[in-house]
Amino acid sequence: MSFLTRGEMQFLKVAKFLGILQGFTYAILSLICIILYIKKDISFDVDSYMDTVSYYMYELFLSSRDYEIKLFKSQTMIPATFAIFAWIHFIFNLLWLGFSLNMSQQNHLKIAQKAKNWAVITLVVCLLDFITVVVLGADYGKCLDATKKSYISTNRIAMQQICANGFLPPLVIAAKGFTLWVVNLILAKKMFNWSKELRQRQGTGQVLVQPSVPVGFLTPQPQPVVPNAYVTQPQNVNRNQFEYPNVHIPEPDYHYQQNVQPHGRKY
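Residues in the sequence shown are numbered from 1085 upward in steps of one, following this note's numbering.
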């Protein structure tokens, strides 16, 4: 068995982080839209440009009065339709958040299935974002076409401001700035292909997720074996305990020492 590589572990962390961040953020935004739609007759104090944008967005998409306000006749994203989209976004972003949190449990043998689930829910969210952007973009184009029918230049300019401030902000938010939407699409495709590769490796028994080591826990490391330069010689136990390599130690000649006689001192 082989562990997941460091690159694969980093890939899982990036996908998990983006899924948790975006799933939580857009679930909260969708819930806010649902609450504003259910709550009627909200008043606005228009004191700044952001207040103006908020007012236009509320009147176009969130106002739930007994009568519908349409900026032009063929407006598709009316408040009731927008509320349905908000519910769908809320549900699928919660699922995305849940699957992303589930990816953090790395010590299991079902990592391939969980990677596939994450890829599928991410693709569904990307598709939902794409449909929302297309509908809002179509309404924005219709809104601009409706301004051309006004013969009074003042009304035309005011209508163009309403179209830009009312439709473009939710369009950009739904597209996740466009760049992040493309990143999600690429990650989902790579995650789906990676899940297939993991299934093949699991089929041959070559996948094992490496367990994380707690911080501060010392993992014993194998020490190199150093050969002993001194080799024990059993035949020399009573004489020399060890035989030194490349060094000759002569044995004492006890018979020679006994035959040597002291010489007399000569004067």
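We put the CB at the ideal spot given by N, CA and C, even for glycine.
> Are at least three pairs of beta-carbons, each pair with one atom in the segment 1126 to 1140 and one in the segment 1215 to 1235, less than 8 Å apart?
Replying inline: no
> Using DSSP with H/G/I as helix, E/B as strand and the rest coil, what is L1207?
Replying inline: helix
> Would DSSP call G1091 helix, strand or coil?
Replying inline: Here G1091 sits in helix by DSSP.
> The alpha helix (DSSP H) with F1128 in it runs from where to where?
Replying inline: No alpha helix (DSSP H) holds F1128; DSSP gives it neither H nor E.
> Smallest Cα separation from L1105: which of A1259, W1265 and L1181?
Replying inline: L1181
>> For P1253, which residues in the same chain have their Cβ closer than 8 Å to its Cβ, ignoring the five residues on either side in sequence?
In response: So the list reads V1137 and M1141, once near-sequence residues are dropped.
> When the Cβ atoms of the segment 1191 to 1205 are set against those of the segment 1266 to 1278, are three or more pairs found closer than 8 Å?
Replying inline: yes
> In terms of residue numbering, what span does the alpha helix (DSSP H) encompassing M1161 cover?
Replying inline: Counting along the chain, M1161 sits inside no alpha helix (DSSP H), nor does DSSP assign it H or E at all.
> Among M1093, Q1244 and L1255, which has the Cα closest to the Cα of F1156?
Replying inline: Comparing alpha-carbon positions, the option among M1093, Q1244 and L1255 lying closest to F1156 turns out to be Q1244.
>> Tell me which residues share the same chain as L1115 and place their Cβ nearer than 7 Å to its Cβ, disregarding the 5 neighbours each side in the sequence.
In response: F1174
> Would you call K1260 buried or exposed, if buried means 16 or more other Cβ atoms sit within 10 Å of its Cβ?
Replying inline: buried
>> Within a Cβ cutoff of 8 Å, which residues of the same chain sit near F1128, ignoring the five residues on either side of it in sequence?
In response: D1135, S1138, Y1139 and Y1142
> alpha helix (DSSP H) containing S1138: first to last residue?
Replying inline: Y1133 to M1141
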